[in-house]
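What follows is one structure encoded as C-alpha cells, with my remarks underneath.
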Amino acid sequence: MPQKPHIALKNVHKHFGAKTVLDGVDLTLERGRSLVVIGSSGSGKSVLLKCILGLLCADAGGITVDGAEMVGIHGREHRKILAKCGVLFQGGALFDSLTVWQNVAFGLIHAKGIAAGQAREIALEKLAQVGLDGAVGGLSPAELSGGMQKRVALARAISCNPDIMFFDEPTSGLDPIMADVIDRLIVDCVERLGATAVSITHDMASVRRIADRIAMLYKGHIIWEGAAEDMDDSGNAYVKQFINARAQGPISADRFGP
Amino acid sequence: MNPLSALGHATLELCREVGRLGVFGKNAVLNVFAPPFYLNQIARQMLRIGYNSLPVVGLTAFFTGGVLALQIWIGSTRFNAESIVASIVALGITRELGPVIAGLMVAGRVSAAIAAEIATMRVSEQIDALVTLSTDPFKYLIVPRIIAAVMGLPLLVALADSIGVMGGYAVATWSLGFNSSVYIRNTVDFLRPDDVISGLIKAAVFGFIIALMGCYHGYYSHGGAQGVGKATTNAVVSASILILSANYALTSLLFSS
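From first to last, the protein sequence lines stand for chains A and B.
Convert by adding 74 to the 1-based position in the first sequence; the result is the number in our numbering.
Convert by adding 3 to the 1-based position in the second sequence; the result is the number in our numbering.
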C-alpha cells in the first residue's frame, strides 16, 4: 500500500505583481525522505520553501504538510504545524539580541513552554551535537564565524526534535570543507530524528551528499524529479547543463536580462 | 506616464498605506490585551525607550525651560509684567513644550532605532525565523515596544517637566535676578493638576505614535540595506509629523472646555 505523502504540493501558483514565480508546481514527499530542490538563482526555490511553510501564501493550488492545508493557514493552526518543523535559514537568521544558547533554546522556551534552566541544558546538548563547545553558548551571534553561525542555526532548527526539516541554501557562503561539515551534520541530524527533509540549493556537491530525491525548478515549473542516483542519467538537457555547470545549453545565462 | 495616471497611482498607494497602517494599529492595540505577555521584552524596551532617552530629553528640557524664561522675560518687561515668567514657564513646559520636545527627541532617537532593528530583522529573515519557532512576531516584537513607549513616555515627560521648570528657575534666578522663593511660589501656586495630567496624556499618545511608526515602517521594509535606511527615515518623519498633528488635536480636545 503506498505511503501517504508527508508533504504534497498540487498545482501551486505564486505571482509577485506581473512576475510569475511558481507556475503550477506539483511535488510529493514521503515521510523520512530527503528532497532537494535545485535550480538557478532567482528560479523561485526560496519562494517555494516559504509557501510550503506558510510564510508566503500561494495564489492558487494546494499545499499539505503532515495532512494540514498550508494555503491561507494562520494563527494557532499555523503555529501547531510549525511546531513540528525545524528551519535552517540561508543566513542563519539568528537573533542578534540573544546569546547563542538563548537562540537555540528559543523554540523550547516559547513554543514548548520549557523552563529556561532546562531549556539551557537541552540547548547546550544540541550545540554539542553540531560540534560546538558549551563555552560558545554565552557568546552573541555576531562574535561567531559564518560556519559557526550555520551550526548554531542548525542546532536551533533541531532543538525541538522536529518531524520535518527545511534547509534554505545550507552551504551558501561557506568554504568547501565547512560546507562538507554542515552537510554531514544535516544528514546526521535528519537520520537521528527520522525526519522528512526539504532542502533548496544550487550547490551540486551538497545535493549529492544530502539528497534521496531531487527536483529541478525552472521558470516556475518542476522540469525534472527523480531519485538522487538517477540525476546523472536524467536525459534532461536542463538538468544536464545545471549539474555540469555549463554556460551553454537550454538555460540562458541572460534569462534575467531586460 | 500620463499625469492623471500618476496621480491615480499615488492616490491608490496612499489609500493602501493608510489602510495597512490602520490594520497594523488595530492589531497592535488588540494584541496588547491578549496573552502571551513577554514581560522581559517589555522591561528591556522600557529601559531602552525610557531610561536611555533620559539624558537627551533632560538636557533638551533644561535648555528649553531656560530659553522660555529668557524669552518671556524679554516680552514681559515691555509691559512691566515680569512676575508672570515663573507661571508661564511652568504652564508652557507642562502643557506643551515638555511633551512635544520629549516626543520629538524620542521620535528621532527611538522611532529610528525601532524601525532599523525590526527592518534588519525583516531583511535578515529573523522575523520569518520567529514565525517558524511558533512565536507571533506581533506579540514578541511589536506589542512590547508599544507598551513600553506608552508607559515610558509619560514618565519621561514627568521628569522632563521638572527639569524644564528647573531650567527656567536657573536662568531666572542666576541671570535675570529673580528671587528664588518667589519664583518657586509663583510656579507652585499657578500650576493646576490638569496642566500636568494633560501633558502626560499627550505623552502617552506620542509614545504610541513613536512605537507604532517605528514598528510599522520596520515591519514592512524590504530591499536590503537601502530598505532599512528608508524605513528609518520614514519612521522619524511620519512620527514627527503625527506628533505635531496629534498635539494640536489633543490640545483642542483637552482644553476645549
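Idealized CB from N, CA, C, for every residue including glycine.
Inset, instruction - Identify the continuous alpha helix (DSSP H) that holds B:N34 and give its terminal residues. - result: 6-35
Inset, instruction - State yes or no: is the beta carbon of A:G146 nearer than 8 angstroms to at least one beta carbon in chain B? - result: no
Legend entry - Distance CB(A:K88)-CB(A:A132) smaller than 8 angstroms: yes
Inset, instruction - Please confirm if the stretch 153-173 of chain B is in contact with the stretch 150-167 of chain A, defined as three or more CB-CB distances below 8 angstroms between the two stretches. - result: no
Legend entry - Reference B:Y219, options B:F141, B:S178, B:G227, closest by Cα: B:F141
Legend entry - Span of the beta strand (DSSP E), counted from its first residue to its last, around A:S114: Unbroken run through A:S114: none, as it is neither H nor E.
Inset, instruction - Report yes if the C-beta distance between A:T275 and A:I155 is below 8 angstroms; otherwise report no. - result: no
Inset, instruction - Name the one or two DSSP bridge partners that A:C159 has. - result: A:I238
Inset, instruction - Check A:N272 in the structure and name its three-state DSSP category. - result: Here residue 272 of chain A is Val; the residue named in the question, Asn, does not match the sequence. DSSP places A:V272 in strand when its eight states are reduced to three.
Inset, instruction - Decide if the stretch 102-118 of chain B is in contact with the stretch 188-199 of chain B; the criterion is three or more beta carbon pairs, one per stretch, under 8 angstroms apart. - result: no
Inset, instruction - Indicate whether A:A302 and A:D286 have their beta-carbon atoms separated by less than 8 angstroms. - result: Against a cut-off of 8 angstroms, the Cβ pair of A:D286 and A:A302 comes out as a contact.
Legend entry - Cα-Cα separation, A:Q192 to B:G11: 58 angstroms
Legend entry - Interface flag, A:R153 vs chain B, CB-CB below 8 angstroms: yes
Legend entry - Cβ neighbours of B:F65 in the same chain (closer than 6 angstroms, five flanking residues each side left out): I166, G170
Inset, instruction - Please determine if the stretch 243-257 of chain A and the stretch 94-110 of chain A are in contact, where contact requires at least 3 C-beta pairs separated by less than 8 angstroms. - result: Counting C-beta pairs with one atom in each stretch, the stretch 243-257 of chain A and the stretch 94-110 of chain A have fewer than three that are closer than 8 angstroms, which means they do not touch.
Legend entry - Rounded straight-line distance, which links the Cα of A:P236 to that of A:D140: 12 angstroms
Inset, instruction - Go ahead and label B:V26 buried or exposed: buried means 16 or more other beta carbons lie within 10 angstroms of its beta carbon, across all protein chains shown. - result: exposed
Legend entry - Local conformation of A:L101 per DSSP, three classes: strand
Inset, instruction - Using three-state DSSP, classify A:G331 as helix, strand or coil. - result: Residue placement at A:G331 is poorly supported in this model, since its pLDDT is 42, which falls under 50; the coordinates still yield a value, given next. Correct three-state label for A:G331: coil.
Legend entry - Neighbourhood of B:V208 by C-beta distance below 7 angstroms, restricted to the same chain and skipping five residues each side: So the list reads A249, L253, once near-sequence residues are dropped.
Inset, instruction - Would you please verify whether the beta carbon of B:A93 is less than 8 angstroms from any beta carbon of chain A? - result: no
Legend entry - B:L42, enclosing beta strand (DSSP E) - first and last residue: Where B:L42 is concerned, there is no enclosing beta strand (DSSP E), although the alpha helix (DSSP H) it sits in stretches over 42-52.
Legend entry - Backbone CA spacing between A:D207 and B:G53 [nearest angstrom]: If you draw a straight line from the Cα of A:D207 to the Cα of B:G53, it comes to about 37 angstroms.
Legend entry - Nonlocal neighbours in the same chain, by C-beta distance under 8 angstroms from B:A175, ignoring five residues either side: A72, W76, V88, A89, V92, F181, Y186
Inset, instruction - Return the residues of the stretch 113-133 of chain B that lie within a Cβ-Cβ distance of less than 9 angstroms from chain A, sorted by chain order. - result: E120, T123, M124, S127, E128, Q129, I130, D131, A132, L133
Legend entry - chain A contact residues for B:T235, given Cβ-Cβ distances below 8 angstroms: What B:T235 touches in chain A: nothing, since even the nearest Cβ is about 16 angstroms away.
Legend entry - Neighbour flag for A:C131 against chain B, beta carbons, 8 angstroms: no
Legend entry - C-beta neighbour in chain A for B:T138, strict 8 angstroms: yes
Legend entry - Contact under 8 angstroms by Cβ, A:G136 with A:K84: yes
Inset, instruction - Within the same chain, show all residues whose beta-carbon is closer than 7 angstroms to that of A:P332, passing over the 5 residues directly before and after it, in chain order. - result: Because the pLDDT at A:P332 is just 39, under 50, the model does not fix this residue reliably, and the point stays unresolved.
Legend entry - Simplified DSSP assignment, three categories, for A:T94: strand
Legend entry - Contact residues within the stretch 37-65 of chain B, judged by C-beta distance below 7 angstroms to chain A: none
Legend entry - B:N30, buried or exposed, once every other Cβ within 10 Å from all chains shown has been counted against 16: Under the 10 Å beta carbon count, B:N30 is surrounded by fewer than 16 other beta carbons and is classified as exposed.
Legend entry - Between the CA atoms of A:S246 and A:S120 - distance to the nearest angstrom: 13 angstroms
Inset, instruction - Identify, in the order they occur along the chain, each residue of the same chain with its Cβ nearer than 7 angstroms to the Cβ of A:I74, setting aside the five sequence neighbours on each side. - result: Limits of chain A in this structure are 75 at one end and 332 at the other, which puts residue 74 of chain A out of reach.
Legend entry - Cβ neighbour criterion (16 or more within 10 Å) applied to B:M4: B:M4 is classed as exposed because its beta carbon has fewer than 16 other beta carbons within 10 Å across all chains shown.
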